[in-house]
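Reading through the structure tokens given below for one structure.
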Amino acid sequence: MENQTTVSGQPGQSDVQQNVASSVQTNAEPLSLVTPNSQAQTQENKIDFKSLIPESYRTEKSLQNFNDMESFVKSYLHAQKLVGMDKIPVPNKYATEEDWKEVFKKLGAPEKPDQYKYSFKDGEVDPQSLKVFNEAAHKLGLLPKQAEGLIKFYNELNQNAAQSEQIKANAVRTEAETTLRKEFGPEFNKRLDQAKRLAHSTLGAEFLNNTILKDGSRLGDNVFLVK
0 MENQTTVSGQ PGQSDVQQNV ASSVQTNAEP LSLVTPNSQA QTQENKIDFK SLIPESYRTE
60 KSLQNFNDME SFVKSYLHAQ KLVGMDKIPV PNKYATEEDW KEVFKKLGAP EKPDQYKYSF
120 KDGEVDPQSL KVFNEAAHKL GLLPKQAEGL IKFYNELNQN AAQSEQIKAN AVRTEAETTL
180 RKEFGPEFNK RLDQAKRLAH STLGAEFLNN TILKDGSRLG DNVFLVK
């Protein structure tokens, strides 16, 4: 007991550890998982685009469709590309025929009726009818593609009408033949041949074959004429 000595006023080991821990906790800054770039991005996303528009222009209808700066910039760049391009003014109600001709010319209408070019085969369209059509198309300011489309449409319309008439004529001719066969019996072929020779000698084959009656049949196939 007499050999044990103590140093008065010196802190023990446990006191030093506590002071160091307290100092570390006091000076250390809290860690953050948010980087500066992500913080800036978050702030930018929170910006209301419309608040950047001057108050005197906020009611403009053309600006109502923009919700962010990117779409606004894209629209502006697109508009800038159009600057300097050829533009075609739309004539108003006071426009003259010459005003419209200038518009049609810029759109691609030929300067003269005979300058229309089509992809039709030889013999597909009657040249004289095509010439008359080109004059009307030129006066109306039709583009070559439009003119050709109209010709094809009317050709198909006429073809369908011709096919329909042919089907109808065939049906009437079949019905007439059936009726005459019943009436003439075994002498059908003989009497029909006699009727044709008489009709051709008096009226002519061309008149009989090309004259179309209201029911769609040819005059030469008519039951009453044959009788």
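Just so we're aligned, residue 0 is where the sequence shown starts under numbering that gives the first Met the number 0, counting upward by one.
Glycine is no exception: its CB is placed at the ideal position from the N, C-alpha and C atoms.
TODO: Indicate the three-state DSSP secondary structure (helix, strand or coil) for ARG217 in the structure shown.
DONE: Along the sequence shown, one-based indexing puts residue 217 at 218. Here ARG217 sits in strand by DSSP.
Task: Selection from VAL72, PHE71, PRO143, LYS195 that minimises the alpha carbon distance to LEU224 - done: Taking the sequence shown and counting its residues from 1, one reaches residue 224 at position 225. Sorting VAL72, PHE71, PRO143, LYS195 by C-alpha distance to the C-alpha of LEU224 places LYS195 at the top.
Open item on the list: According to DSSP, is ILE52 part of a helix, a strand, or is it coil?
Closed with: For the purposes of this step, residue 52 is identified with residue 53 of the sequence shown, where counting begins at 1. Taken through DSSP and simplified to helix, strand or coil, ILE52 comes out as coil.
Task: Beta-bridge partners of GLU211, as assigned by DSSP - done: To locate residue 211, count along the sequence shown from 1; it is residue 212. Strictly speaking, residue 211 in this sequence is Ile, with Glu absent from that position. Paired residue(s): ARG217.
Task: Contact set for GLU110: own chain, Cβ-Cβ below 8 Å, skip 5 residues either direction - done: Your numbering for residue 110 matches position 111 in the sequence shown. Taken in chain order, the residues that qualify are LYS104.
Open item on the list: My output table needs one value for THR173: the three-state DSSP class, helix, strand or coil.
Closed with: Locating residue 173 in the sequence shown gives position 174, where the first residue counts as 1. Looking at THR173 - three-state DSSP - the assignment turns out to be helix.
Task: Proximity of LEU156 and VAL222 at Cβ, strictly below 8 Å - done: The sequence position of residue 156 within the sequence shown is 157, counting from 1. The sequence position of residue 222 within the sequence shown is 223, counting from 1. Going by C-beta atoms, LEU156 is not nearer than 8 Å to VAL222.
- [ ] Please say whether SER118 and VAL171 have beta carbons closer to each other than 8 Å?
- [x] What you label residue 171 is simply residue 172 of the sequence shown in a count that begins at 1. What you label residue 118 is simply residue 119 of the sequence shown in a count that begins at 1. One thing to note: VAL171 has its Cβ no nearer than 8 Å to the Cβ of SER118.
TODO: Quick one: residues in its chain with C-beta nearer than 7 Å to the C-beta of ASN66, no 5 flanking neighbours on either side, listed in chain order?
DONE: The residue labelled residue 66 in the question sits at position 67 within the sequence shown. Closer than 7 Å at the Cβ level, and outside the excluded window around ASN66, lie PHE48.
Task: 7 Å Cβ shell around GLN162 - same chain, five flanking residues per side excluded - done: Counted from its first residue, the sequence shown places residue 162 at position 163. Result list for GLN162: empty, nothing under 7 Å.
Task: Top-ranked residue by Cα proximity to LYS151, from LYS120, HIS137, ASN64 - done: Taking the first residue of the sequence shown as position 1, residue 151 is located at position 152. Residue LYS120 holds the alpha-carbon nearest to the alpha-carbon of LYS151 among LYS120, HIS137, ASN64.
Task: Alpha-carbon to alpha-carbon, GLN193 and GLU205 - done: The residue labelled residue 205 in the question sits at position 206 within the sequence shown. The residue labelled residue 193 in the question sits at position 194 within the sequence shown. The alpha-carbon atoms of GLU205 and GLN193 are separated by roughly 18 Å.
Open item on the list: Looking at the ligand SAH, does it come within less than 7 Å of LEU142, judged from the CB to the closest heavy atom?
Closed with: Among the ligands in the structure shown, none appear at all, so the ligand SAH cannot be discussed.
Open item on the list: Alpha carbons only, please: which of ASN133, GLN165, LYS138 is nearest the one belonging to ASN209?
Closed with: Locating residue 209 in the sequence shown gives position 210, counting from the first residue. Of the residues ASN133, GLN165, LYS138, the one whose Cα lies closest to the Cα of ASN209 is GLN165.
- [ ] Hey, could you find the ends of the alpha helix (DSSP H) GLN114 is sitting in?
- [x] On the sequence shown, position 115 is the one that residue 114 refers to. Premise fails: GLN114 is in no alpha helix (DSSP H) and is neither H nor E.
Task: Pairwise C-alpha distance: GLU147 and VAL89 - done: The count along the sequence shown starts at 1 and reaches residue 89 at position 90. The count along the sequence shown starts at 1 and reaches residue 147 at position 148. C-alpha of VAL89 to C-alpha of GLU147: approximately 25 Å in a straight line.
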